[in-house]
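Input: a single structure, listed below in C-alpha cells.
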Amino acid sequence: MYEGPSNSFEEEQTPIPTLEEVRGVFERLKIGGYKTIRQLEDEQGLYLLDATVSGEDGDAEYSYMRAGRYPEGQASATAIHVTFFSKEGVPVGGHSVAKYIGGDWEVTP
C-alpha cells in the first residue's frame, strides 16, 4: 500500500464517485465500446479509471482520476479527461470532458 504524503488536495467531506457513476458519465458522453485498461481503488474507493476507444483515425483514451495524490500521479480536482492518439499512437490532442463539482458531474464543452 502507498504511504506517501497525505491527500492534501482532497477534502474529507467531498463525496467520492463510484465506478457506476463514472461509467454513467461515459454513457452520458456517448462513449461506447470502450475497453478498461486500468482500474485502481484505495480504502476510499475508485481513484483511477483508464479506458480506450478504438477508431479509424486513431484511439481515444479517457482517464478518470479522483482529486488527491497517488503513486500514479495527482489531481487537484476529480475529473475525466480525454487524449486523442494518431494511428501511429502519438498523442495529438485532448481536453477535459467532465468535472465532479459538489457531488455532481458537469460535462465540459
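Numbering follows this note's numbering, with no gaps: position 18 of the sequence shown is 18.
Where is the CB? At the ideal position from N, CA and C, for every residue including glycine.
G68: which of S86, F84, Q44, G89 sits nearest, CA to CA?
Q44
Just grab the DSSP bridge partners of F84 for me.
A60, G93
Return the CA-CA distance between P15 and P71, expressed in angstroms with no decimal places.
21 Å
Using a Cβ-Cβ cut-off of 8 Å (strictly less than) and excluding sequence neighbours within five positions of V107, which residues of its own chain qualify?
V25, R28, L29, V97, A98
On a CA-only basis, which of G103, Y34, D104, G73 is nearest Y47? Give me that one, please.
G73
Rounded straight-line distance, which links the Cα of H81 to that of I31
12 Å
Please state the DSSP three-state secondary structure of G24.
helix
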